[in-house]
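*Asks:* This is the structure, below, for whatever I ask next.
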Amino acid sequence: MTDTLDLPTKRQEEWRWSDMAALEAAAQSPAGEAPDADGWFIDGLDGPRLVFVDGEYQAGRSDAGPVTLEQLSADTDHPLGRRAAGAGWVLRVGEGGAKTCIQIVHLGSGGANHVPARIELAADATASIVETYAGTGWANRLTQIDLARGARLMRSVRLLQSGGFVSLRDEAEIGEAASLVSIVLGAGDMGSRIDGNLRLTGDGAFAEMGGALLTRDSQSQEAAVVVHHAKPEGSSRQIWRAVAADTSTASLAARVEVARDAQHTDGEQSLRGLLLKRSATVNLKPELEIFADDVKCAHGATVGELDKRALFYLESRGVAPARAQALLTRAFVADALDRIGEEAVREAFADNADRWLESAL
Amino acid sequence: MLKIENLHAEIDGKEILKGLDLEIRPGEIHAIMGPNGAGKSTLGYVLGGRDGYEVTQGSVEFEGRNLLDMEPHERAAAGVFLGFQYPVEIPGISNVQFLREALNAQRKARGEEPLSGGEFLKRARAQADALGMEQDMLKRPVNVGFSGGEKKRNEMVQMGIIDPKFAILDETDSGLDIDALKTVGEGINRIMRKPDKAVLLITHYQRLLEYVEPDAVHVLAAGRIVRSGGPELAVELEREGYQAVAA
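If you want it as structure tokens, here you go:
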């Protein structure tokens, strides 16, 4: 894996903001000792806990509950996702079943690791999964999701690696009246590429993918998500926030496609960037491609700095400048993280964002 | 308590304050009146320490300390409160969160223990009640969706919670209907009319002064105080107009 990686290049439109050099460096870094798994699980959540170290499942340190470990093929064209074939994890929930608060911690020590995953929820089944990435190296993941009629999946993913690179490829089929919510927080010092392709293939389906990318130093993180409405009455939301400090780069590309048959689609897309320094970069690329004639797609994309009047207002009431910046920045990312349903998870994510802000400001 | 001497200040190279002198002793309420553009709000911002307002000459002492050397949050911790003419909307931060953060930052800077959530809420509710602000508004994002009058009331609730030694109130009366004006006036008296506190009221009209009786009234014109007197000066200004009085 260390010689020719055959990675996408900046000449390809979908990869023009990608930091494949950081990915390559992470892939070639030597493996060492992975950090301890304790501390990366969220307290107060009673549920199965799985630990992967450098992509290998740690049976002795895990309680897999309903999750099974299986050999999976990587049935995708995605240039990174297709590398993730082999030993992975599967969650299948039968009709009407509920498997919640499943926590998966991925620890990396260096080098490349690839893990495929499948999540299959039968009709009216419910599941919630929290994934946390810590350590270093290149963690590459392919997660394929299939939601039958009325199924509901809540996914929360934290990228907290201290270095290296995390690439996620999510591919989802969302059936009639089914609901997928995926929230991603990038608050570590790794590079990242979060890639999503969500297809609403049943009437009245709901898809949401969003989150917050926080970057500093010379780090680069990006998200590129496509939501495809194939059937009528579907709704989708893409609420992303990017905060960039120092000379870092945060990029968001979000695309909504509405097929001719997908009448009465309700799409919302909100991409907002905040520059903490003028030397930082935020790239935003909102795209709408609509072939149906009776749809509602609200969209907005803005980049700015912290409101100086608001900073002075806070300071004049006694709040120190760094804390005032942190409060305003937290308020800026709150929209995106407030989507997380479980309170303990939402608070843990908000804490991670806070800690990032306090050290970056 | 506050001593301003020969204060000159400019914005973007344009001189707005041109040698202002003012002394306020503990227990006193002073009103600064004057036409728009006289430099009233500039004085408020200079005392609050806002960026972009450059002091080119003169001095400001607060309780014997050089106020101009202090950062805005240090001035707050020292006991200075600036009531804004246009309070800022802050989406994503609740009033309660904002004020608890502010109060505890000040307490910490003074070496005092922080207030617990319960103690703080008790204090906040009492002030909201006294100033006729709905309890609900404490939980809402700071000033977001508040009417002009509600924002001003919120400034007074903040002042009540923070309990400063010295308050600069910039056009606190504008945007208030007559009932709200009375409530706010009573609030200023209740919170600030004390032997060890002082207030600088910046106002365009004398209406608020019917509820908060000043010990001294000053007329500010073209960056300087051109006349000072007792409460009767406000009445004269109302009757005769600034031009006649400042001439």
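Sequences listed follow chains A and B, in order. Numbers 202 to 562, taken from the numbering used here, label the letters of the first sequence in order. Numbers 1262 to 1508, taken from the numbering used here, label the letters of the second sequence in order. Yeah, the Cβ is synthetic: ideal placement off N, Cα and C, and Gly gets one too. All values reported here derive from a predicted model rather than from experimental measurement.
#1: Along chain A, which residues have their Cβ under 8 angstroms away from the Cβ of arginine 1326 of chain B?
#2: CA-CA distance, isoleucine 1293 of chain B and methionine 1398 of chain B?
#3: Of the residues B:Thr1317, B:Lys1413, B:Arg1454 and B:Gly1295, which one's Cα is nearest the Cα of alanine 1270 of chain B?
#4: Going by DSSP, what residue range makes up the beta strand (DSSP E) through serine 1302 of chain B?
#5: Compare the C-beta of proline 1456 of chain B with all C-beta atoms of chain A and state if any pair is closer than 8 angstroms.
#6: Which whole-angstrom value describes the C-beta separation of valine 1473 of chain B and isoleucine 1290 of chain B, a residue pair presumed to lie in contact below a C-beta threshold of 8 angstroms?
#7: Please confirm if glycine 1305 of chain B has its CB atom under 8 angstroms from at least one CB of chain A.
#8: How is the beta strand (DSSP E) around glycine 397 of chain A delimited, first residue to last?
#9: Alpha carbon to alpha carbon, what distance is there between glutamate 548 of chain A and alanine 352 of chain A?
#10: Quick one: residues in its chain with C-beta nearer than 8 angstroms to the C-beta of leucine 512 of chain A, no 5 flanking neighbours on either side, listed in chain order?
#11: So which of B:Asn1404, B:Asn1297 and B:Arg1311 has the shortest CA-CA distance to asparagine 1356 of chain B?
#12: What number of angstroms, rounded off, separates the C-alpha of glycine 256 of chain A from the C-alpha of glutamate 544 of chain A?
#13: Give every residue of the same chain whose Cβ lies closer than 6 angstroms to the Cβ of valine 1321 of chain B, excluding the five residues on either side of it in the sequence, and list them in chain order.
#14: Note down the Cα distance separating glycine 1436 of chain B from glycine 1344 of chain B, rounded to an integer number of angstroms.
#15: Taking the C-alpha atoms as reference points, what is the distance between tyrosine 1306 of chain B and lysine 509 of chain A?
#16: From what residue to what residue does the alpha helix (DSSP H) around tryptophan 557 of chain A run?
#17: If we ignore side chains and look at the alpha-carbon of each, how far apart do alanine 349 of chain A and phenylalanine 1342 of chain B end up?
#18: Comparing C-alpha positions only, which one of A:Ala340, A:Ser363, A:Gly365 and A:Val331 sits nearest to methionine 355 of chain A?
#19: Give me the residue from B:Ala1391, B:Met1394, B:Glu1395 and B:Lys1458 with the minimum Cα distance to aspartate 1209 of chain B.
#20: Using the beta-carbon of each residue, which ones in chain A are nearer than 9 angstroms to glutamine 1419 of chain B?
#21: Name the two residues that bound the continuous beta strand (DSSP E) containing glutamate 409 of chain A.
#22: Which of helix, strand or coil does DSSP assign to isoleucine 305 of chain A?
#23: What are the start and end residues of each continuous alpha helix (DSSP H) run of 4 or more residues lying completely inside the region 1370-1444 of chain B, in chain order?
#24: Can you tell me which of the three DSSP states histidine 1269 of chain B falls into?
#25: Verify whether the separation of the beta carbon atoms of leucine 381 of chain A and cysteine 302 of chain A is less than 8 angstroms.
*Replies:* For this structure:
#1: Reading the second sequence from its first residue, position 65 is the one you call residue 1326 of chain B. Near arginine 1326 of chain B there are no residues of chain A at all, since even the closest Cβ is about 16 angstroms away, more than 8 angstroms.
#2: Taking the second sequence and counting its residues from 1, one reaches residue 1293 of chain B at position 32. Taking the second sequence and counting its residues from 1, one reaches residue 1398 of chain B at position 137. Between the C-alpha atoms of isoleucine 1293 of chain B and methionine 1398 of chain B there is a straight-line separation of about 31 angstroms.
#3: If you number the second sequence from 1, residue 1270 of chain B lands on position 9. Comparing C-alpha distances from alanine 1270 of chain B to each of B:Thr1317, B:Lys1413, B:Arg1454 and B:Gly1295 shows the shortest one belongs to B:Thr1317.
#4: Here residue 1302 of chain B is taken as the residue at index 41 of the second sequence, counted from 1. Premise fails: serine 1302 of chain B lies in the alpha helix (DSSP H), 1301-1309, not in any beta strand (DSSP E).
#5: Counting from one through the second sequence, the residue named residue 1456 of chain B turns up at place 195. Chain A, which has no Cβ nearer than 8 angstroms to the Cβ of proline 1456 of chain B, makes this no.
#6: Start at 1 with the first residue of the second sequence, and residue 1473 of chain B comes out as number 212. Start at 1 with the first residue of the second sequence, and residue 1290 of chain B comes out as number 29. Your pair valine 1473 of chain B and isoleucine 1290 of chain B checks out as a contact, with CB atoms roughly 6 angstroms apart and the cut at 8 angstroms.
#7: The residue labelled residue 1305 of chain B in the question sits at position 44 within the second sequence. Among the CB atoms of chain A, none fall inside 8 angstroms of the CB of glycine 1305 of chain B.
#8: Along the first sequence, one-based indexing puts residue 397 of chain A at 196. Per DSSP, glycine 397 of chain A belongs to the beta strand (DSSP E) from 392-401.
#9: Indexing the first sequence from 1 puts residue 352 of chain A at position 151. Indexing the first sequence from 1 puts residue 548 of chain A at position 347. Roughly 25 angstroms between the two C-alpha positions.
#10: For this step, residue 512 of chain A is matched to residue 311 along the first sequence. These residues qualify, in order along the chain: Pro522, Ala525, Gln526 and Leu529.
#11: Taking the first residue of the second sequence as 1, we reach residue 1356 of chain B at position 95. Here the closest residue by C-alpha is B:Asn1404.
#12: Within the first sequence, residue 256 of chain A is the residue found at index 55, counting from 1. Within the first sequence, residue 544 of chain A is the residue found at index 343, counting from 1. Taking the straight line from one Cα to the other gives about 29 angstroms.
#13: Stepping through the second sequence from its first residue, residue 1321 of chain B is reached at position 60. These residues qualify, in order along the chain: Ile1265, Leu1328 and Leu1329.
#14: In the second sequence, residue 1436 of chain B corresponds to position 175, counting from 1. In the second sequence, residue 1344 of chain B corresponds to position 83, counting from 1. Cα to Cα, the separation comes out at about 14 angstroms.
#15: In the second sequence, residue 1306 of chain B corresponds to position 45, counting from 1. In the first sequence, residue 509 of chain A corresponds to position 308, counting from 1. Roughly 14 angstroms between the two C-alpha positions.
#16: The residue you call residue 557 of chain A lines up with position 356 of the first sequence. Bounds of the alpha helix (DSSP H) holding tryptophan 557 of chain A are 544-561.
#17: Residue 349 of chain A sits at position 148 when you count from the first residue of the first sequence. Residue 1342 of chain B sits at position 81 when you count from the first residue of the second sequence. Their Cα atoms are separated by approximately 59 angstroms.
#18: For the purposes of this step, residue 355 of chain A is taken as the residue at position 154 of the first sequence. Out of A:Ala340, A:Ser363, A:Gly365 and A:Val331, A:Val331 has the C-alpha closest to the C-alpha of methionine 355 of chain A.
#19: Beyond the ends of chain B as shown, which are 1262 and 1508, falls residue 1209 of chain B; an answer cannot be given.
#20: Here residue 1419 of chain B refers to the residue found at position 158 of the second sequence. Simply Arg518.
#21: For the purposes of this step, residue 409 of chain A is taken as residue 208 along the first sequence, with counting starting at 1. Element bounds for glutamate 409 of chain A: 407-416.
#22: The residue labelled residue 305 of chain A in the question sits at position 104 within the first sequence. Looking at isoleucine 305 of chain A - three-state DSSP - the assignment turns out to be strand.
#23: Qualifying alpha helix (DSSP H) stretches, in chain order: 1378-1391, 1397-1400 and 1409-1423.
#24: One-based indexing of the second sequence puts residue 1269 of chain B at position 8. Histidine 1269 of chain B falls in the strand class under three-state DSSP.
#25: Residue 381 of chain A sits at position 180 when you count from the first residue of the first sequence. Residue 302 of chain A sits at position 101 when you count from the first residue of the first sequence. It is not a contact, given that the beta carbons lie outside the stated cut-off.
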